[in-house]
Amino acid sequence: MASLTDSTGRSTAAPADLPTADDVVAHTLLNCLLREVSGPERQTVVADGHLLLRLPRRGVLLRVALRRTSLLGAHRFTGPVREERDGGWADVDWRRLAAHTRDELSLRTGVRNEEFLEQVASSHAAVAAALAAGPALRPAPGLPGDPLSAYLASEQSLLFGHRFHPTPKARTGDPRSWAAYAPETGASFPLRHLAVREHLIAQESAEPWATAALDRQRAGLPDGYLLLPAHPWQYETLRRHPLLRAALDRGDVLDLGPGGRPFAATASVRTLYDGETFLKFSLNVRITNCLRKNSSYELSGAVALTRALAPALSDLARRFPGSAVLREPAYRTLALPGPGGAPDRDLLEGFGVIVREGLPRRLAPGTTPLLAAAVADEYPTGAAHVSRLLAGADAATALDWWSAYLELLLPPVLAAYFDHGLVLEPHLQNVLLCVDGGGRPAQVLFRDLEGTKLLPERHADALAALPPEVAGPMTYDARRGWDRVVYCLLVNHVAELLAALADLHPEAEAALWARVRDTLRAYAGRHGCPPRLAALLAGVPLPAKANLLTRWERRPDRAAGYVRLPSPLAEDVLRGGDVMERSAR
745 MASLTDSTGR
755 STAAPADLPT
765 ADDVVAHTLL
775 NCLLREVSGP
785 ERQTVVADGH
795 LLLRLPRRGV
805 LLRVALRRTS
815 LLGAHRFTGP
825 VREERDGGWA
835 DVDWRRLAAH
845 TRDELSLRTG
855 VRNEEFLEQV
865 ASSHAAVAAA
875 LAAGPALRPA
885 PGLPGDPLSA
895 YLASEQSLLF
905 GHRFHPTPKA
915 RTGDPRSWAA
925 YAPETGASFP
935 LRHLAVREHL
945 IAQESAEPWA
955 TAALDRQRAG
965 LPDGYLLLPA
975 HPWQYETLRR
985 HPLLRAALDR
995 GDVLDLGPGG
1005 RPFAATASVR
1015 TLYDGETFLK
1025 FSLNVRITNC
1035 LRKNSSYELS
1045 GAVALTRALA
1055 PALSDLARRF
1065 PGSAVLREPA
1075 YRTLALPGPG
1085 GAPDRDLLEG
1095 FGVIVREGLP
1105 RRLAPGTTPL
1115 LAAAVADEYP
1125 TGAAHVSRLL
1135 AGADAATALD
1145 WWSAYLELLL
1155 PPVLAAYFDH
1165 GLVLEPHLQN
1175 VLLCVDGGGR
1185 PAQVLFRDLE
1195 GTKLLPERHA
1205 DALAALPPEV
1215 AGPMTYDARR
1225 GWDRVVYCLL
1235 VNHVAELLAA
1245 LADLHPEAEA
1255 ALWARVRDTL
1265 RAYAGRHGCP
1275 PRLAALLAGV
1285 PLPAKANLLT
1295 RWERRPDRAA
1305 GYVRLPSPLA
1315 EDVLRGGDVM
1325 ERSAR
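First residue of the sequence shown: 745, per my numbering; consecutive thereafter.
If you want it as C-alpha cells, here you go:
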C-alpha cells in the first residue's frame, strides 16, 4: 500500500493501484504548467521516456517519467516529479512544486496571489480525504444493474478532479466538516426544510410540475406558507443572518428541521439528486474557481433560457433522437426585505434553489446513465470507467464503441451552434453517457444551463425582452462561443475520453483521432461546412481553457483565457493512423 498525508499531517493509506495524493497534486500542477506556461513557450521536450519541463524565469528544470505520450501533448505521468539540482535529479514534493509554480507565475505576470498555495493545499487535503474514504472503490453495482445506483456511483467516483486545473478539489471550509456532504465520500442526506410565508417567496416557473417538485418534499405546511428546501451546509452558514433570525422569531419563516427522502451529492457538490429531480443549491463556498451560489440573474436566467430554448431543443431532439438536454424550469428563494425594502441579496441568492429535470423525464428506456467524467477519468476509480465498460475488448471493438459515442455526442452540439446560435457547454462533468445492457453508448444527456449561452445576433428578440442584468450573462459573441464549444467538446471531453481509450490500446491513438475527424467530416458533408468547421477539419490549433492562469489572476470563469494546442485532426498528423485503422478492423 502507498502512503499519503492528510491536512493534519497524519499518514493514511491509498489503494495500491491508485497514485498517492502527493503524486496526483504534483502531476496536476505539471499538466497545467505544460499546457499553459512552459509548453507554449517551447520549454519542454520528451526524451528517453521522460518529460523535461523548464520554468524559464525561475530557472528550474523539472523531469517526470511518462506512462504514455499523447498526440495532443496531454501526456500521462508516473512517479515523482524531480528537479535538476547540483548536477543530479532530486525529488520535488507537491509543496515545493507549488512554490515553484507560484514563483514562475509571479515573475511571468507581475501579479501576486497569496491564496494560491493555500488553495493547492486545500485540494491536496480533499484528495487525501477522498482516497481515505474511497466510496467508489468499494464494490459498486455492475453494468447492467440498478441504473440509479450505477449513476450515483459514477457521480461520486471522481476522487481527483480535473487534471488540467491547479486546484480541482479545493473547497473553503474544514475538510472534515465536508465529509457529510462531499460526493467523494458517498454523501446522501435529507434537506433542511423551511416554511416561508408566500409573500416572502420569490419564484418563477416555466413548467407546472417544476415548483410542485419542491412542494412534494414535505407535506402538512400551515396555510399561507410555501416550502423552501435548503442545503444543510448553507443553512448553517446563513442561519445567524439578522433578517433571517428576526423572521424566525416572528414566525414568517418556520424551521421545520431536516426531513424527507435523502438527496445524494453529485459531482458538482451543490447539485443534489433524489432519483426524481435535481436541485441545484447555492453554497457560500469557493469550489475550484468560484463561489458557488446562484446569483439573482442566474436564477431568472435558468428559467428564461428554458423558455427561450424550447424551439431549438425540440428541433435538436427531433433531428438527433440519441441526445437530450435537461431543462431548468423553475427556481424558488427567500425574499426577506432589507432596510431599503428590496429583498436582501445575501438571502435571496444564498437560499436560491434551481429545479432541474430528473433523469426519468429524458432517459431512453433500458439505458444506464453514467457521468462522462467518470467514464473518462485518468484512473479507474469506479465501475463506470471505460476500462470496465470495455473490459477485455480488442482495439477494433474499442474503435467501434468510440464511433458510436462520437455519433451521439458531436452532431447535436455542432447543430446547436451553427443552426440555432446556441453555445452548449459539453465538458465531461456536464454530459451523461447512457449505455445499453452491453455497455454500448445509446444516448447522451447534456445538463447545466449556467454554462449554456446564446449568440446575441441570433436571439436578439428574446434577449431584448429580458432585464439587461439577466440577458447580458446569457450571451457569448460568435468567436468566444466557438472557442467555448470547441474547448468543452474536443479538448475537455473528446480528448480526455480518447486518452482513456488510448491507455487501453496505445497503438490505436491515431486511429481514435481519425474517427473524430471522420465524424466531424461526415457532419460537415450532411449539414454544410461553415468556415469555422472547415478550419477545424484543416487542423487549426485547438483552444484550451487556461485554468491555471485564470485561477492565478483571479478572473471569473467567463473571462477565462485560452491557449492554443497543436491539433491532432490535421490529415498529415493522422496519415500514420491509416495502418492502425486497418489493423484494428
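In this text, a Cβ means the ideal position worked out from N, Cα and C, and glycines have one as well.
Burial state of residue i, where buried means 16 or more other Cβ atoms lie within 10 Å
i, result
"L1280", "buried"
"L1313", "buried"
"V790", "exposed"
"V1238", "buried"
"T853", "exposed"
"D1138", "exposed"
"E980", "exposed"
"A1290", "buried"
"A1254", "buried"
"A1086", "exposed"
"R1298", "exposed"
"D1192", "buried"
"S866", "buried"
"S1012", "buried"
"S1026", "buried"
"L1194", "For the record, residue 1194 in the displayed sequence is Glu; it is not Leu. When all chains shown are included, E1194 counts as buried."
"E1122", "buried"
"E1101", "buried"
Contacting residues, own chain, Cβ-Cβ under 6 Å from residue i (five flanking each side not counted)
i, result
"F821", "H771 and V808"
"W1226", "R1276"
"C1232", "E1169, P1170 and H1171"
"A704", "The requested residue 704 does not occur in the structure, where the chain is confined to residues 745 to 1329."
"Y895", "P1113"
"A1268", "L1277"
"E951", "P1073"
"G1321", "In this prediction, G1321 scores a pLDDT of 46, lower than 50, which makes its location untrustworthy; the coordinate-derived value is nonetheless stated afterwards. Answer for G1321: A1254, A1255 and A1258, listed in chain order."
"P1217", "Y1041"
"D1163", "none"
Straight-line Cα distance separating residue j from residue i
i, j, result
"W838", "V768", "9 Å"
"G1084", "A991", "16 Å"
"P1200", "A1209", "13 Å"
"A1116", "A974", "28 Å"
"T1263", "L1158", "11 Å"
"R1089", "R1036", "15 Å"
"G1337", "S932", "The structure shown does not extend to residue 1337, since the chain spans only 745 to 1329, so no value can be given for it."
"P1104", "L1189", "12 Å"
"E1315", "G1283", "8 Å"
"T1111", "A897", "15 Å"
"L988", "A939", "12 Å"
"G1305", "V1235", "14 Å"
"P763", "A869", "14 Å"
"R1184", "L1143", "12 Å"
"P1310", "P1250", "20 Å"
"N857", "A1148", "45 Å"
"A1258", "A1140", "13 Å"
"E928", "N1174", "17 Å"
"A963", "E1151", "45 Å"
Spatial neighbours of residue i in its chain, beta-carbon cut-off 7 Å, leaving aside the 5 residues before and after
i, result
"V871", "A765, V768, V769, L903, F904 and K913"
"L1092", "A946, S1040, T1077, L1078 and A1079"
"L1293", "E780 and G1305"
"V1069", "L1057 and F1190"
"L965", "A939 and L971"
"W1146", "L1245, L1256 and R1259"
Whole-number beta carbon distance between residue j and residue i, since they are thought to touch under 8 Å
i, j, result
"K1197", "V1230", "K1197 to V1230, Cβ: 14 Å. No contact."
"V1214", "Y1041", "5 Å"
"R1071", "T1050", "5 Å"
"G1019", "L892", "5 Å"
"L796", "L805", "7 Å"
"A842", "L774", "Going by Cβ atoms, the distance from A842 to L774 rounds to 11 Å, so no, they are not a contact pair."
"R910", "R1295", "Residue identity check: residue 910 is Pro in the sequence provided, not Arg. Confirmed, about 6 Å."
"F1064", "P1156", "4 Å"
"V1029", "R915", "6 Å"
Sequence-distant residues of its chain with Cβ nearer than 8 Å to residue i (five each side left out)
i, result
"R802", "H844, D847, E848 and L851"
"V1119", "S898, A1128, H1129, V1130, L1133, L1177, L1241 and A1244"
"R798", "S782, Q787, T788, V804, L805 and L806"
"Y969", "A939, V940, R941, E942 and L998"
"F1007", "S932, F933, P934, L935, L1016, Y1017, D1018 and L1023"
Contact test: residue i Cβ vs the ligand NAD heavy atom, cutoff 6 Å
i, result
"V1047", "In the structure on display, the ligand NAD does not appear, and there are no ligands present to speak of."
- Task: Output the residue ranges of the beta strand (DSSP E) runs that lie fully inside the region 870–952 and measure 3 residues or longer, sorted by chain position.
- Result: 932–941 and 945–949
- Query: Which runs of the beta strand (DSSP E), 3 residues or longer, sit entirely within the region 1264–1291?
  - Reply: 1286–1289
- Enumerate, from N- to C-terminal direction, the unbroken beta strand (DSSP E) stretches of 3 or more residues contained entirely within the region 1088–1130. 1097–1100 and 1112–1115
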